[in-house]
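Engineer: Heads up, the sequence shown is in the numbering used here, so the first residue is 66 and it goes up one at a time.
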Amino acid sequence: RSFRVRCSHPAPLAPQEITLTEKSQMFESWKNPLPPVYMEYYFFNVTNPEVFLNGGKAALKQIGPYTYREYRPRENVTFLENGTKLFALNPKSFVFVPEKSCGDPEVDLLRTINIPFVAVTNELNQYPFLLRSLVSMFMNSVGIELFMTRTVHEILWGFKDPLLSRIHAMRPEVDDTFGLMWKKNGTHEGEFVFYTGEQNYMDYGKIDTWNGLREMSWWSSNQSNMINGTDGAVFHPLINRNELLYIFAADLCRSIHLGYVKDVEVKGIQAFRFGFCVPAGDCLGTGVLKVSVCREGAPIVVSFPHFYQADPKYINAVEGMTPNKEDHETYLDLQPTSGVPIRACKRAQLNIIVKRVKGFPKTKLIHETIFPIMFVNETATIDSASQMRTLLLIVTLVSNFPLLIIAMGLILLLVLVVLFCRNRQRKVGPAPVPALCPPPLSPAPRLPCLPPLPCLPPLSPSLPLPCLPSPVSPPPPPCVCYISSVSSWGFRV
Numbered sequence: 066r067s068f069r070v071r072c073s074h075p076a077p078l079a080p081q082e083i084t085l086t087e088k089s090q091m092f093e094s095w096k097n098p099l100p101p102v103y104m105e106y107y108f109f110n111v112t113n114p115e116v117f118l119n120g121g122k123a124a125l126k127q128i129g130p131y132t133y134r135e136y137r138p139r140e141n142v143t144f145l146e147n148g149t150k151l152f153a154l155n156p157k158s159f160v161f162v163p164e165k166s167c168g169d170p171e172v173d174l175l176r177t178i179n180i181p182f183v184a185v186t187n188e189l190n191q192y193p194f195l196l197r198s199l200v201s202m203f204m205n206s207v208g209i210e211l212f213m214t215r216t217v218h219e220i221l222w223g224f225k226d227p228l229l230s231r232i233h234a235m236r237p238e239v240d241d242t243f244g245l246m247w248k249k250n251g252t253h254e255g256e257f258v259f260y261t262g263e264q265n266y267m268d269y270g271k272i273d274t275w276n277g278l279r280e281m282s283w284w285s286s287n288q289s290n291m292i293n294g295t296d297g298a299v300f301h302p303l304i305n306r307n308e309l310l311y312i313f314a315a316d317l318c319r320s321i322h323l324g325y326v327k328d329v330e331v332k333g334i335q336a337f338r339f340g341f342c343v344p345a346g347d348c349l350g351t352g353v354l355k356v357s358v359c360r361e362g363a364p365i366v367v368s369f370p371h372f373y374q375a376d377p378k379y380i381n382a383v384e385g386m387t388p389n390k391e392d393h394e395t396y397l398d399l400q401p402t403s404g405v406p407i408r409a410c411k412r413a414q415l416n417i418i419v420k421r422v423k424g425f426p427k428t429k430l431i432h433e434t435i436f437p438i439m440f441v442n443e444t445a446t447i448d449s450a451s452q453m454r455t456l457l458l459i460v461t462l463v464s465n466f467p468l469l470i471i472a473m474g475l476i477l478l479l480v481l482v483v484l485f486c487r488n489r490q491r492k493v494g495p496a497p498v499p500a501l502c503p504p505p506l507s508p509a510p511r512l513p514c515l516p517p518l519p520c521l522p523p524l525s526p527s528l529p530l531p532c533l534p535s536p537v538s539p540p541p542p543p544c545v546c547y548i549s550s551v552s553s554w555g556f557r558v
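(1) How big is the Cα-Cα spacing for Ile431 and Phe117?
(2) Kindly confirm or deny that the region 146–155 and the region 207–214 touch, where touching means at least three C-beta pairs closer than 8 Å.
(3) For Asp328, name the three-state secondary structure that DSSP assigns.
(4) Here's a check: name, in chain order, each residue in its chain whose Cβ is nearer than 8 Å to the Cβ of Thr395, leaving out the five neighbours to either side.
(5) So for Glu135, helix, strand or coil by DSSP?
(6) Please determine, among Gly121, Asn265 and Gln191, the residue with the shortest C-alpha to C-alpha distance to Gly148.
(7) So, helix, strand or coil for Ile365, using DSSP?
(8) Measuring straight from C-alpha to C-alpha, what distance separates Ile128 and His371?
(9) Please state the DSSP three-state secondary structure of Arg215.
(10) Take Gly168 as the anchor and find which of Val207, Tyr107 and Val185 has the nearest alpha-carbon.
(11) Is there contact between the region 313–320 and the region 351–365, where contact requires at least three CB pairs shorter than 8 Å?
(12) Exposed or buried, what is Asn141 when buried is set at 16 or more other beta-carbons lying within 10 Å of its beta-carbon?
(13) Tell me whether Ser525 sits in a helix, a strand or coil according to DSSP, three-state version.
(14) Name the DSSP beta bridge partners of Leu174, please?
(15) Which residue wins for smallest C-alpha separation from Pro388, given the options Asp398, Pro377 and Leu397?
(16) From this set, Lys88, Thr86, Pro98 and Asn110, which residue's C-alpha is nearest Val405's C-alpha?
(17) Is it the case that the Cβ atoms of Ala184 and Pro364 are separated by a distance below 8 Å?
(18) Which value, in whole angstroms, describes the spacing of the CA atoms of Trp275 and Phe259?
(19) Taking Thr252 and Pro156 to be in contact with their CB atoms under 8 Å, please state how far apart those CB atoms are, rounded to whole angstroms.
(20) Can you tell me which of Asn290, Ser285 and Lys327 puts its alpha carbon nearest to the alpha carbon of Asn305?
(21) Look at the Cβ atom of Pro181, then the Cβ atom of Leu221, and state whether they are nearer than 8 Å.
(22) I'd like to check one pair, Thr143 with Thr261: are the Cβ atoms closer than 8 Å?
(23) Within the same chain, show all residues whose beta-carbon is closer than 6 Å to that of Val102, passing over the 5 residues directly before and after it, in chain order.
(24) So Gln264 is in the beta strand (DSSP E); what residue range does that whole segment cover?
(25) Give the straight-line distance between the Cα atoms of Pro536 and Gln490, rounded to the nearest whole angstrom.
(26) For Ile83, count neighbouring C-beta atoms within 10 Å of its own C-beta (all shown protein chains included) and say buried if the count is 16 or more, exposed if not.
(27) Who are Asn141's beta bridge partners in DSSP?
(28) How is Tyr379 classed by DSSP in three states: helix, strand or coil?
(29) Mapping DSSP to helix, strand and coil, what is Gln374?
(30) With C-beta atoms as the reference, is Phe440 less than 8 Å away from Arg197?
(31) How about Val200 and Leu189: are their beta carbons less than 8 Å apart?
(32) Mind checking Lys271: buried by the 16 CB within 10 Å criterion, or exposed?
(33) Exposed or buried, what is Ile448 when buried is set at 16 or more other beta-carbons lying within 10 Å of its beta-carbon?
(34) Which of helix, strand or coil does DSSP assign to His393?
(35) What residue from Arg338, Gly333, Ile476 and Glu330 has the CA that sits closest to Gly324's CA?
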């Protein structure tokens, strides 16, 4: 008999639990995210608008937070290509949370830059001077200024803007309503197709297409146009500290990467912290990214809050910026075995480029700068450590299942080898050889051999010892004794 052991590299993960399939717990948590997501909005109130209009620095005072609970279930989930991909929409809805807010957004007033004013003047900068002058005269006639005062709710969720309303009358494709979150409550960010990880666990949750695209054409480099990574809800299992993780951010219209920062612990769960860096864009400098290309040309710039990690010239251009790591960094804490985010903190600031435009006297003296409008602190933390531990236990067992099978196989093989050796030893081992005299020539009764003791001592275990002769004549044929073995029990003959 022979035993053959075949060892191969085990698949690290079992598909049923670590893929986006209908029966896996990971799929359920992906489809209906468990951690509550809160959006905290902070605004910069301008306290000295006249000083800024005359060429001085704007003084800003932070107000907030105004907190909203975000709900983001996956809808219209459809499996494609034999379960290797799936289609999904991710609509988001927001509900105000007064107990986590500093005031009432429908009552509290805010003075800030008039973004429609800046967007229109920026667009008209490429048109003839005469047209710009006519538009400026119209703005003066209806009282449209560089600064506006509105409620927090209006600035967030929208209001009828007089300038946009006039443009809408001439160009219906231009919306007459403006709001930072206008048309984003109850809507989705596009149509996504994800990999389920059925074929390769490294593709688990990875985006295949967004709105039918695998790459975009808005940016100047191929790398910036690529759609890489996941949407941030999940990552592939077995994350290591040396890799870069990619997230496609639809609101930024590009992918960004995360790098390992340090090991952390969240409610008793060990995790890896990954941090972001704002990618460079349009030579604006460190820590800011212009996203006008996917915002219909509006001069919008994204940064970390208070220009954290940005070029100091932006921090010093206005008064009231106090960047610090604890309050303004963005990070993601991932459980490395499963790739599940157990704590996330996404912080982003919305700014607008303010500059002089000929034909608009209101901008003649202003200090050209990137002007902060507001920033959002988006947080999510696992609210049930025990539930997370249960899921992680399942993932860990599934992840190590092939190794457990191999270990059990080796143990079983060892047991079989031991049993086989014992069985063979019993068959081949010491067995008594009968000491019989040769058969007689006649049917006369056979003479018994002498007892073994008179044959002692033997010269060797294999030498024959003659029996004593019988006094009867004629003597019978000699009887020969053979000692087959010597054991602790005596001689066996």
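The beta-carbon is built from N, C-alpha and C at its ideal position, and this holds for glycine as well.
What you are looking at is a predicted structure, and each value in this text was computed from that prediction instead of being measured.
Structural biologist: Result, derived from the coordinates:
(1) Your numbering for residue 431 matches position 366 in the sequence shown. Your numbering for residue 117 matches position 52 in the sequence shown. Computed Cα separation, rounded: 6 Å.
(2) no
(3) Here residue 328 is taken as the residue at index 263 of the sequence shown, counted from 1. Correct three-state label for Asp328: strand.
(4) As a position in the sequence shown, residue 395 is number 330, starting the count at 1. Cβ neighbours of Thr395 beyond the five flanking positions: Gly340, Phe341, Phe369, Cys410, Lys411, Arg412 and Ala413.
(5) Within the sequence shown, numbered from 1, the residue matching residue 135 stands at position 70. Strand at Glu135.
(6) Start at 1 with the first residue of the sequence shown, and residue 148 comes out as number 83. Of the listed residues, the one whose Cα sits closest to Gly148 is Asn265.
(7) Residue mapping note: residue 365 aligns to position 300 of the sequence shown, counting from 1. Strand at Ile365.
(8) The sequence position of residue 128 within the sequence shown is 63, counting from 1. The sequence position of residue 371 within the sequence shown is 306, counting from 1. Approximately 13 Å between the Cα atoms of the pair.
(9) Along the sequence shown, one-based indexing puts residue 215 at 150. In the structure shown, Arg215 sits in a strand (DSSP, three-state: E or B).
(10) Here residue 168 refers to the residue found at position 103 of the sequence shown. Out of Val207, Tyr107 and Val185, Tyr107 has the C-alpha closest to the C-alpha of Gly168.
(11) yes
(12) Reading the sequence shown from its first residue, position 76 is the one you call residue 141. Exposed, by the Cβ-count rule.
(13) Within the sequence shown, the letter at position 460 stands for residue 525. A caution first: Ser525 carries a pLDDT of 46, below 50, which makes its placement in the model unreliable, though a value can still be read off. It is coil, neither helix nor strand.
(14) Along the sequence shown, read from residue 1 onward, the residue named residue 174 stands at position 109. Thr216.
(15) Counting from one through the sequence shown, the residue named residue 388 turns up at place 323. The candidate whose alpha carbon is nearest that of Pro388 is Pro377.
(16) Counted from its first residue, the sequence shown places residue 405 at position 340. Checked all of Lys88, Thr86, Pro98 and Asn110; the closest Cα to Val405 is Pro98.
(17) The sequence position of residue 184 within the sequence shown is 119, counting from 1. The sequence position of residue 364 within the sequence shown is 299, counting from 1. Yes, they are a contact pair.
(18) By one-based count along the sequence shown, residue 275 stands at place 210. By one-based count along the sequence shown, residue 259 stands at place 194. Those two C-alpha atoms are separated by around 9 Å.
(19) Numbered from its first residue, the sequence shown carries residue 252 at position 187. Numbered from its first residue, the sequence shown carries residue 156 at position 91. That pair is a contact at about 6 Å.
(20) Counting from 1 along the sequence shown, the entry for residue 305 is found at position 240. Checking every option, the nearest Cα to that of Asn305 belongs to Lys327.
(21) Here residue 181 is taken as the residue at index 116 of the sequence shown, counted from 1. Here residue 221 is taken as the residue at index 156 of the sequence shown, counted from 1. The answer is no: Cβ separation not under 8 Å.
(22) Position 196 of the sequence shown, counting from 1, holds the residue named residue 261. Position 78 of the sequence shown, counting from 1, holds the residue named residue 143. No, these two residues do not count as a Cβ contact at 8 Å.
(23) Numbered from its first residue, the sequence shown carries residue 102 at position 37. Taken in chain order, the residues that qualify are Glu135 and Ala445.
(24) Numbered from its first residue, the sequence shown carries residue 264 at position 199. Per DSSP, Gln264 belongs to no beta strand (DSSP E) and is neither H nor E.
(25) In the sequence shown, counting from the first residue as 1, residue 536 sits at position 471. In the sequence shown, counting from the first residue as 1, residue 490 sits at position 425. In this prediction, Pro536 has a pLDDT of 48, which is less than 50 and means its spatial position is unreliable; what the coordinates show is noted afterwards. If I take the Cα positions, the gap works out to 45 Å.
(26) The residue you call residue 83 lines up with position 18 of the sequence shown. Result: buried.
(27) Locating residue 141 in the sequence shown gives position 76, counting from the first residue. Beta-bridge pairing links Asn141 to no other residue.
(28) One-based indexing of the sequence shown puts residue 379 at position 314. Helix.
(29) Residue numbering aside, residue 374 sits at position 309 when the sequence shown is read from its first letter. Gln374: coil per DSSP, three-state reduction.
(30) For the purposes of this step, residue 440 is taken as residue 375 along the sequence shown, with counting starting at 1. For the purposes of this step, residue 197 is taken as residue 132 along the sequence shown, with counting starting at 1. For Phe440 and Arg197, no; Cβs fall outside 8 Å.
(31) Taking the sequence shown and counting its residues from 1, the one referred to as residue 200 is at position 135. Taking the sequence shown and counting its residues from 1, the one referred to as residue 189 is at position 124. Yes, the pair counts as a contact, with Cβ atoms nearer than the cut-off.
(32) Indexing the sequence shown from 1 puts residue 271 at position 206. Buried.
(33) For the purposes of this step, residue 448 is taken as residue 383 along the sequence shown, with counting starting at 1. Correcting the residue type first, residue 448 is Asp in the shown sequence and not Ile. Flag for Asp448 reads exposed.
(34) Counting from 1 along the sequence shown, the entry for residue 393 is found at position 328. Helix at His393.
(35) Here residue 324 refers to the residue found at position 259 of the sequence shown. When each option's Cα is compared against that of Gly324, the closest is Arg338.
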